[in-house]
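Comments concern the structure below.
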Amino acid sequence: MQYSNVRPGLFCCSSLSDKVKQKPTNMYKNPGEAAKISCSHSIDNYNIILWYKQLENRQLQFLGYMLAGSPVPEKGLDVDMEMEGSADKGETCTLTINSLSVSSSAVYFCAASYHSATYH
């Protein structure tokens, strides 16, 4: 994981994996703006993109996932966000966080996985 200097606003990071790509690697936004983070992968049979937010205390908050082209946001979160696109190999899944606030400032990252029920 690569980290950069943090300042008020939104901050995200990128994976060092050569199979999962997250863009942009750094982002600085003002409160009230929206932020878009994209994720793609090149792993055969993987069809899930998972999204996480790392809080100041280093705890991970699961935001939800994209299964193929279907977004599944985590219930009960106080985050105005959207997931769109596809989690299939070579496609792009985009996480949009709307109406940013100071509490939106964090490290965001994605991971790729597969839905095991698909391959039974």
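Take the sequence shown: its position 99, counted from the start at 1, is 98 in numbering that gives the first Met the number 0, and no numbers get skipped. All residues carry an ideal CB built from backbone N, CA and C; glycine is no exception.
Per DSSP, what kind of secondary structure is valine 101 in: helix, strand or coil? Within the sequence shown, numbered from 1, the residue matching residue 101 stands at position 102. Looking at valine 101 - three-state DSSP - the assignment turns out to be helix.
In terms of alpha-carbon separation, which member of Tyr64, Lys88 and Gly75 lies closest to threonine 95? Here the question's residue 95 lines up with position 96 in the sequence shown. The residue among Tyr64, Lys88 and Gly75 with its C-alpha nearest the C-alpha of threonine 95 is Tyr64.
Helix, strand or coil for serine 115 per DSSP? Here the question's residue 115 lines up with position 116 in the sequence shown. If DSSP states are grouped into helix, strand and coil, serine 115 belongs with the helices.
Does DSSP classify alanine 33 as helix, strand or coil? Numbered from 1 along the sequence shown, position 34 holds the residue referred to as residue 33. For alanine 33, the three-state secondary structure derived from DSSP is coil.
With DSSP as the reference, label lysine 18 as helix, strand or coil. Your numbering for residue 18 matches position 19 in the sequence shown. Lysine 18: coil per DSSP, three-state reduction.
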